[in-house]
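Heads up, the thing below is written out as structure tokens.
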Amino acid sequence: MSADMTADFKPLATTNPFGRPLFNDPSVRKLARVGVVDIGSNSVRMVIFDGAARSPAYFYNEKVMCALGAGISDTGRLNPEGRVRALAAVARFEAIAQSLGISPLTAVATAAVRDATDGPDFCADVLRETGLTVHVIDGPEEARLSAQGVLLGWPGSYGLVCDIGGASMELAEIRDGHVGKCVTSSLGPLKLQSMKGGAKARKKYAKEVIADLHQQMGEQKDRLFLVGGSWRAIARIDMHRLGYPLHVLHEYRMTPKSVRETVKYIAKSDIEELRAACGISAARMALVPIASEVLKALVSRVKPKDIAVSSYGIREGMLYEQMPQKLRDRDPLIESARFSESKDARMPGFGKTLYDFLMPVFKSAPTAPKRLVKAASLLHDVSWRAHPDFRAEVCFDNSTRANLGGLSHSERVFLGLALMYRYRNKPDGTRFDDLLGLLTPEQRHQAEILGKAMRFGAMLWMEKDAQLGEIRWFPKKKRLELRLHSSAKPLFSEVAESRLSSLASTLGAEVAVKFTKPSTDVLTD
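Just so we're aligned, residue 73 is where the sequence shown starts under this note's numbering, counting upward by one.
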């Protein structure tokens, strides 16, 4: 597998991504369903996480655009209309949580509530009407929680996290899975919106503030992680401008050059037409031109190696805060795949047997591709309920668009293509053909090998702890050997033989099949 499939996964020294699954561990089961509320300057959102805590699914996710911070620079108070909307939203969220049996929720409020003179009154209203205590956090704490959200998706990450809200922008340093320095600023588009002097004054102010933040943080030329709705909207526009085929914002990459080009594109576009084309809400789109000015100034000053969009932020950071360290150290992809297997596979636990059987073919692969082999083995059967004519496409769709942490876009497509080959000998003519351009020819070839190996292996092993034989691969000799105990001979049918031949053909190898007599351990052709 090519080097760019290994670049993003940097496991911590203590990480054992293939260890015993933790989602049923007593210290983790309490995190199986957790509800959090984020009262921001622009929106109020509730998320209920569910499933494998290390890579949770979004059981419930609702947002109300309240614009609590609108006008706060002029009045010093929360937006009166937004305050009414926010209180109603929180009351609704708490009622939903009670009906689901997960009350009380954990609620935090950020820049607007902490800066407004009537912020304490708003929190008192929430407590009186809903019974929910709102924790008002300061800027550095907001930065820390957002950075922890990034760590939920990228264990062992390094770089600079930038979280933009309506009324503030935070920076946090992450190194080796830990959060370092954290700083905050007033560079939120809702605050900048009412600044006197228009675009020229805003740009000058943003440049000065970012220079000060940069001095506090020091040189940060690794990856820049972007957190926040305004950044995601800009990324969506960047996708639209470039005709990017995979419409998944999490882990979407931009270069400093593409950011500059997209900022220009936003400035010269009709905002309403662009909003409609990209599916961005009117409330969000109103802030995008201002946010794009800030992003351009930030990228120009920081000069990051690359830029990654994170859908994980403060809410995921609140979940991460509750995790034991042994769970934090786990690979989110593997934990999620295991959870899916335990919930949806016909024979939970068989994925490990399949992985052990296939690994001789991939024994020289570095750690990162091995985790993709592991994930594919765990997921190879979770879509069995789909109609046989559509299983291959369902597998691909699930892998490329599912809420999975720890996966770059190319890795998503690689995993999806391998699972497609698990159900189809040829993936041609699907509606996903345009996505295959995200892989190199070598990556596509490796995905085909993995998929065909799983397609063959699934024919033989019907018990999760079966020890019926082994596969051996000699790449220099281009020789593939299958050694089966004689008790497995009935499983090696005409179809299984055909699938083995297809795998050997993809490897460019000759194939040999031998059977072992259990009593004498003698090999026979």
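The C-beta atom is built at its ideal place from N, Cα and C for all residues, glycine as well.
Three-way DSSP call (helix, strand, coil) for residue i in this model
| i | result |
| --- | --- |
| Ala584 | strand |
| Glu365 | helix |
| Val335 | helix |
| Phe131 | strand |
| Val594 | Because the pLDDT at Val594 is just 48, under 50, the model does not fix this residue reliably, and the value given afterwards should be weighed accordingly. Here Val594 sits in strand by DSSP. |
| Asp110 | strand |
| Thr578 | helix |
| Lys589 | strand |
| Arg313 | helix |
| Met419 | coil |
| Arg443 | helix |
| Arg473 | helix |
| His250 | strand |
| Arg463 | helix |
| His517 | helix |
| His207 | strand |
| Val320 | coil |
| Leu479 | coil |
| Ile352 | coil |
| Thr189 | coil |
| Ser266 | coil |
Cross-strand partners of residue i (DSSP beta bridge)
| i | result |
| --- | --- |
| Glu245 | Leu232 |
| Val299 | Asp235, Ser382 |
| Thr256 | Glu242 |
| Val136 | Val116 |
| Gly541 | Leu556 |
| Asp122 | Arg105, Ala129 |
| Thr178 | Val108 |
| Phe546 | Arg551 |
| Arg325 | Ala380 |
Rounded distance between the beta-carbons of residue j and residue i, thought under 8 Å
| i | j | result |
| --- | --- | --- |
| Ser127 | Ser408 | 4 Å |
| Leu575 | Lys524 | 4 Å |
| His286 | Val374 | 6 Å |
| Arg527 | Arg571 | 5 Å |
| Leu479 | Glu323 | 7 Å |
| Leu204 | Glu388 | Between Glu388 and Leu204 the Cβ distance is about 20 Å, and since that is not below 8 Å, they are no contact. |
| Ala239 | Leu262 | 5 Å |
| Phe165 | Leu177 | 7 Å |
| Leu654 | Gly423 | The structure shown does not extend to residue 654, since the chain is modelled only from 73 through 597, so no value can be given for it. |
| Leu508 | Phe121 | About 32 Å separates the two Cβ atoms, so there is no contact after all. |
| Val106 | Gln394 | 7 Å |
| Ile236 | Gly300 | 4 Å |
| Val108 | Val119 | 6 Å |
| Pro227 | Pro404 | 7 Å |
| Ser455 | Gly260 | Between Gly260 and Ser455 the Cβ distance is about 42 Å, and since that is not below 8 Å, they are no contact. |
| Asp197 | Leu159 | 6 Å |
| Lys446 | Ile406 | 6 Å |
| Leu125 | Ala104 | One point to set straight first is that residue 125 is Ala, not Leu, in the sequence displayed. About 7 Å separates the two Cβ atoms, so the contact holds. |
Cutoff 7 Å; reference residue i; Cβ partners in own chain excluding five residues on either side
| i | result |
| --- | --- |
| Arg157 | Val136, Cys138 |
| Ser573 | Val583 |
| Glu566 | none |
| Asp506 | Pro317 |
| Gly154 | Cys138, Ala139, Leu140, Ala142 |
| Ile306 | Thr334, Val360, Ala363, Ser364, Leu367 |
| Gly148 | Ala188, Thr189 |
| Ser257 | Ser240, Met241, Val281, Leu285 |
| Pro547 | none |
| Ser372 | none |
| Asp310 | Met326, Ser330, Thr334 |
Spatial neighbours of residue i in its chain, beta-carbon cut-off 8 Å, leaving aside the 5 residues before and after
| i | result |
| --- | --- |
| Pro361 | Ile338, Ala339, Ile343 |
| Gly68 | This structure gives no information on residue 68, because the portion of the chain shown stretches from 73 to 597. |
| Val320 | Thr472, Arg473, His481, Arg484 |
| Arg496 | Ala464 |
Chain-order list of residues whose beta-carbon lies under 6 Å from that of residue i (same chain, five-residue window excluded)
| i | result |
| --- | --- |
| Ser468 | Going by the sequence as given, residue 468 is Phe instead of Ser. Closer than 6 Å at the Cβ level, and outside the excluded window around Phe468, lie Gly488, Met492, Phe504. |
| Gln288 | Val255 |
| Ser414 | Pro420 |
Do the stretch 242–258 and the stretch 332–342 meet, that is, are 3 or more Cβ pairs less than 8 Å apart? no
Any 3 or more C-beta pairs closer than 8 Å across the stretch 293–308 and the stretch 226–237: yes
The stretch 436–444 touching the stretch 457–474, judged by at least three CB pairs closer than 8 Å: no
With three or more C-beta pairs closer than 8 Å as the rule, is the stretch 365–383 touching the stretch 270–290? The stretch 270–290 vs the stretch 365–383: in contact.
So, does the stretch 510–523 touch the stretch 553–566, judging by three or more C-beta pairs under 8 Å? no
Within the chosen definition, does the stretch 416–434 reach the stretch 381–397 through at least 3 CB pairs nearer than 8 Å? These segments do not touch.
Report yes or no: do the stretch 426–436 and the stretch 469–479 share at least 3 C-beta pairs separated by less than 8 Å? no
Quick one: any contact between the stretch 211–225 and the stretch 238–245, if contact means 3 or more CB pairs under 8 Å? Look at the beta carbons and you see the stretch 211–225 touching the stretch 238–245: at least three pairs across the two are nearer than 8 Å.
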